[in-house]
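Counting from 51, one number per residue, gives the positions in the sequence shown under the working numbering.
Remarks on the structure that follows.
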Amino acid sequence: MGSGMRVGLRPCKRRPSLADPHTGVPHQPPEVNAGPACVALVEHVRLLTRRNLDALTLDEALSSAGGYRSIVGVLKHVAGWVHVYRSYAFDEQPRHWNAIDWPRGLRETIEPTKDYIDEVASWLDAGLASWISDLDGVDVSQPRPVHWGGAMPLHRIVSLVATEAMYHLGEVNMLLSIVRGEAWEYSEEVEENHIDTRGHGVRPDWMSDAQAQAHEEARRVR
């Protein structure tokens with residue numbers, strides 16, 4: 051130090067023992083059944099998927115919002131991997147990307163019809179439903195095969211599937227907000243000084259007419 055004073059080191063505290071003080075036997079952490087948590091996670095993904103696809107139109111599904119990934123393409127990508135991961139984790143004869151049951155047998159192409167879009171959405175929903183069913187009563191700590199070779203604990207595979215799906219659902223949500231000209235929900239606005247979002251807010255389902263009117267009037271006077 052600049053003053054030349056010596057700074058003494060404080061004696062470090064001893065870490066508490068993990069052993070029982072009476073028997074000397076190490077404490078074992080309580081066993082946690084992660085199965086229900088895995089099921090709840092996939093159920094949440096399924097719920098968010100349904101909410102994002104509710105009232106999806108054909109034009110919206112075909113849109114890429116000026117980019118190169120359309121909504122239907124994103125849905126096919128997510129659904130494909132949901133089915134591949136599930137097949138390797140649970141099927142005796144797992145099927146990879148080229149062998150799964152793509153809607154109408156179409157992997158690299160689509161049919162630009164509402165019926166086809168609905169089939170893709172239903173295929174994704176069925177894949178998530180199969181995960182939920184297959185996870186019932188299963189020990190998720192045990193390793194299961196994965197499509198790139200080797201194995202992983204099942205709970206980690208579930209985490210991979212869920213995060214992959216959530217990531218791409220975020221893409222769908224953003225594409226829809228662009229196509230529909232939507233900004234943030236009422237009361238959640240976060241960017242009003244560099245983007246003019248007036249008239250593009252989204253009224254949430256829980257908001258009453260009176261609450262919505264009050265919110266709109268408050269924003270007009272700012």
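Beta carbons: idealized from backbone N, C-alpha and C, even for Gly.
Source: prediction; values computed, not measured.
* Are the Cβ atoms of Leu-112 and Val-170 separated by less than 9 Å? -> Along the sequence shown, one-based indexing puts residue 112 at 62. Along the sequence shown, one-based indexing puts residue 170 at 120. For Leu-112 and Val-170, no; Cβs fall outside 9 Å.
* Measure from the alpha carbon of Val-252 to the alpha carbon of each residue in Asp-246, His-244, Ala-262, Asn-243, then state which is nearest. => For the purposes of this step, residue 252 is identified with residue 202 of the sequence shown, where counting begins at 1. With distances taken between Cα atoms, Val-252 lies closest to Ala-262.
* DSSP state of Arg-248 mapped onto helix, strand, coil -> Position 198 of the sequence shown, counted from the first residue, corresponds to residue 248. Note: Arg-248 maps to coil in three-state DSSP.
* Asked: Whose C-alpha, out of Ser-180, Ala-201, Leu-108, Arg-136, is nearest the C-alpha of Ile-167?
  -> Taking the first residue of the sequence shown as 1, we reach residue 167 at position 117. Ile-167 has its Cα closest to that of Leu-108, out of Ser-180, Ala-201, Leu-108, Arg-136.
* **For Asp-189 and Val-57, the rounded distance between their alpha carbons** => For the purposes of this step, residue 57 is identified with residue 7 of the sequence shown, where counting begins at 1. For the purposes of this step, residue 189 is identified with residue 139 of the sequence shown, where counting begins at 1. Note that Val-57 scores 43 on pLDDT, short of 50, meaning its location in the model is unreliable and no value can be drawn from it.
* Asked: Would DSSP call Ala-84 helix, strand or coil?
  -> Position 34 of the sequence shown holds residue 84. Three-state result, Ala-84: coil.
* Asked: Starting from Met-202 and walking both ways along the beta strand (DSSP E), at which residues does that stretch end?
  -> Translated into positions along the sequence shown, residue 202 becomes position 152. Run containing Met-202: 201-203, per the beta strand (DSSP E) assignment.
* Asked: Where Ala-139 and Val-196 are concerned, what is the direct C-alpha to C-alpha distance, given to the nearest angstrom?
  -> By 1-based counting over the sequence shown, the position of residue 139 is 89. By 1-based counting over the sequence shown, the position of residue 196 is 146. Answer to the nearest angstrom: the Cα atoms are 7 Å apart.
* Hey, quick one: how far does the alpha helix (DSSP H) through Arg-194 stretch, first residue to last? -> On the sequence shown, position 144 is the one that residue 194 refers to. Note, Arg-194: premise wrong, no alpha helix (DSSP H); beta strand (DSSP E) at 193-195.
* Leaving out five residues on either side along the sequence, give the residues of the same chain with a beta carbon under 8 Å from the beta carbon of Pro-80. => Taking the sequence shown and counting its residues from 1, the one referred to as residue 80 is at position 30. In this predicted model, Pro-80 has a pLDDT of only 47, less than 50, meaning its place in the structure is not dependable enough to derive any value.
* the stretch 91-104 contacting the stretch 219-231, beta-carbon criterion three pairs below 8 Å -> yes
* Asked: Out of Asp-141, Ser-237, Ser-180, Asp-175, which has the shortest C-alpha to C-alpha gap to Glu-267?
  -> Start at 1 with the first residue of the sequence shown, and residue 267 comes out as number 217. Per the Cα distances, Ser-237.
* So what does DSSP say about Glu-158, is it helix, strand or coil? -> What you label residue 158 is simply residue 108 of the sequence shown in a count that begins at 1. Of the three classes helix, strand and coil, the one that applies to Glu-158 here is coil, per DSSP.
* Of the residues Glu-158, Pro-86, Glu-110, which one's Cα is nearest the Cα of Met-224? -> To locate residue 224, count along the sequence shown from 1; it is residue 174. It is Glu-110.
* Beta-carbon gap between Ala-215 and Leu-178 smaller than 9 Å -> Within the sequence shown, the letter at position 165 stands for residue 215. Within the sequence shown, the letter at position 128 stands for residue 178. In this structure, Leu-178 lies closer than 9 Å to Ala-215 by Cβ.
* So is Gly-130 buried or exposed if we call it buried at 16+ other beta carbons inside 10 Å? -> One-based indexing of the sequence shown puts residue 130 at position 80. Looking at its Cβ environment, which holds 16 or more other Cβ atoms inside 10 Å, Gly-130 is buried.
* Element boundaries [alpha helix (DSSP H), containing Glu-169] -> Locating residue 169 in the sequence shown gives position 119, where the first residue counts as 1. Per DSSP, Glu-169 belongs to the alpha helix (DSSP H) from 164-185.
* **The alpha helix (DSSP H) enclosing Tyr-135, as first and last residue numbers** => If you number the sequence shown from 1, residue 135 lands on position 85. From DSSP, the alpha helix (DSSP H) with Tyr-135 extends over 121-140.
* Check whether the Cβ atoms of Val-132 and Val-208 lie closer than 9 Å to each other. => If you number the sequence shown from 1, residue 132 lands on position 82. If you number the sequence shown from 1, residue 208 lands on position 158. Their beta carbons are not under 9 Å apart, which means Val-132 does not touch Val-208 by this criterion.
* **Three-way DSSP call (helix, strand, coil) for Glu-238 in this model** => The count along the sequence shown starts at 1 and reaches residue 238 at position 188. Coil.
* **Host alpha helix (DSSP H) of His-265 (start-end)** => In the sequence shown, counting from the first residue as 1, residue 265 sits at position 215. Start and end: 259-270.
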